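Notes for the one structure printed next.
Chains as they are written, first to last, in the working numbering: chain A, 14 to 127; chain B, 13 to 123.
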């Protein structure tokens, strides 16, 4: 079974630009979660989608948004990029998204904002 | 109080010894617990899950859970240099559809 696939692997953007990251979950997984990882803050939850519905959102500004498609693939968008948005963005999928279902992570997208 | 707390380390253990990693959590209602390993520059990889009090063994790894003390640990026996990584403890936020991660413990196995 193929794992979680994230594209692109690396991105370099300029302040003020916007960016879209893509995630394809493990086949059959309906829940997709997004996390931001930085050295200082660790893994911070962005949002979780299940069957095209956002079920939970973390404490990030509205510049961070996401969506999920009917095939469970997900995208996240960051508008008006700031230097502090430089981070590793991780997508993870799980079968149901319930408490007993572990997350399986993709390789991440490394975003650098200059 | 943070939802999930870990000693950030670094923890240095000689090759062949037992590495012990600890995690405490705040939500008494938590029912499942996960350990992830993250190598430098890579994404987290699930290595253990535990749902019941007591020990769960998988090869050289043993997860220990004590719900009364809100404490979960990971033991790595016969530590190898390849075990050098950051280990993340993760606990679901009840009903919030999110997994909360500790800051991670950086483990170094010295040959």
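Every residue gets a Cβ at the ideal spot worked out from N, C-alpha and C, and that includes glycine. Nothing here was measured: the structure is a model prediction, and the numbers come from that model.
Distance cutoff 8 Å, beta carbons only. Does residue i sit that close to anything in chain A?
{"i": "residue 58 (chain B)", "result": "yes"}
{"i": "residue 91 (chain B)", "result": "no"}
{"i": "residue 73 (chain B)", "result": "no"}
{"i": "residue 116 (chain B)", "result": "yes"}
{"i": "residue 110 (chain B)", "result": "yes"}
Excluding five sequence neighbours on each side, which residues of the same chain lie with their C-beta closer than 7 Å to the C-beta of residue i?
{"i": "residue 19 (chain B)", "result": "34 and 117"}
{"i": "residue 66 (chain B)", "result": "77"}
Using a Cβ-Cβ distance under 8 Å, would residue i count as near chain B?
{"i": "residue 115 (chain A)", "result": "yes"}
{"i": "residue 124 (chain A)", "result": "no"}
{"i": "residue 120 (chain A)", "result": "yes"}
{"i": "residue 112 (chain A)", "result": "yes"}
{"i": "residue 68 (chain A)", "result": "yes"}
{"i": "residue 103 (chain A)", "result": "yes"}
{"i": "residue 65 (chain A)", "result": "no"}
{"i": "residue 75 (chain A)", "result": "no"}
{"i": "residue 58 (chain A)", "result": "yes"}
{"i": "residue 99 (chain A)", "result": "no"}
{"i": "residue 46 (chain A)", "result": "yes"}
{"i": "residue 41 (chain A)", "result": "no"}
{"i": "residue 79 (chain A)", "result": "no"}
{"i": "residue 88 (chain A)", "result": "no"}
Is residue i buried or exposed, if buried means 16 or more other CB atoms sit within 10 Å of its CB?
{"i": "residue 82 (chain A)", "result": "exposed"}
{"i": "residue 123 (chain B)", "result": "exposed"}
{"i": "residue 38 (chain A)", "result": "buried"}
{"i": "residue 96 (chain A)", "result": "exposed"}
{"i": "residue 110 (chain A)", "result": "buried"}
{"i": "residue 112 (chain A)", "result": "buried"}
{"i": "residue 27 (chain A)", "result": "exposed"}
{"i": "residue 48 (chain A)", "result": "buried"}
{"i": "residue 98 (chain A)", "result": "buried"}
{"i": "residue 14 (chain B)", "result": "exposed"}
{"i": "residue 54 (chain A)", "result": "exposed"}
{"i": "residue 64 (chain B)", "result": "exposed"}
{"i": "residue 114 (chain B)", "result": "buried"}
{"i": "residue 56 (chain B)", "result": "buried"}
So residue i and residue j are supposed to be a Cβ contact under 8 Å. How far apart are they, rounded?
{"i": "residue 102 (chain A)", "j": "residue 75 (chain A)", "result": "No, residue 102 (chain A) and residue 75 (chain A) are not in contact; Cβ-Cβ is about 17 Å, not under 8 Å."}
{"i": "residue 58 (chain B)", "j": "residue 117 (chain A)", "result": "6 Å"}
{"i": "residue 100 (chain A)", "j": "residue 66 (chain A)", "result": "Between residue 66 (chain A) and residue 100 (chain A) the Cβ distance is about 25 Å, and since that is not below 8 Å, they are no contact."}
{"i": "residue 32 (chain B)", "j": "residue 85 (chain B)", "result": "6 Å"}
{"i": "residue 88 (chain A)", "j": "residue 40 (chain A)", "result": "Wrong, their Cβ atoms sit about 18 Å apart, outside the cutoff."}
{"i": "residue 62 (chain B)", "j": "residue 54 (chain B)", "result": "Not confirmed; about 23 Å, so no contact."}
{"i": "residue 41 (chain B)", "j": "residue 119 (chain B)", "result": "Not a contact, Cβ separation roughly 29 Å."}
So which residues of chain E does residue i contact, with C-beta pairs closer than 8 Å?
{"i": "residue 21 (chain B)", "result": "Here the protein chains are A and B, and chain E is not one of them."}
Taking DSSP's pairing of strands, which residues face residue i in a bridge?
{"i": "residue 33 (chain B)", "result": "B:86"}
{"i": "residue 99 (chain B)", "result": "B:49 and B:117"}
{"i": "residue 102 (chain A)", "result": "A:49 and A:122"}
{"i": "residue 77 (chain B)", "result": "B:66 and B:84"}
{"i": "residue 60 (chain A)", "result": "A:47 and A:70"}
{"i": "residue 80 (chain A)", "result": "A:88"}
{"i": "residue 105 (chain B)", "result": "B:110"}
Here's a check: name, in chain order, each residue in its chain whose Cβ is nearer than 6 Å to the Cβ of residue i, leaving out the five neighbours to either side.
{"i": "residue 90 (chain A)", "result": "33 and 78"}
Can you list, in chain order, the residues of its chain whose CB lies under 8 Å from that of residue i, leaving out five sequence neighbours each side?
{"i": "residue 105 (chain B)", "result": "15, 39, 111 and 112"}
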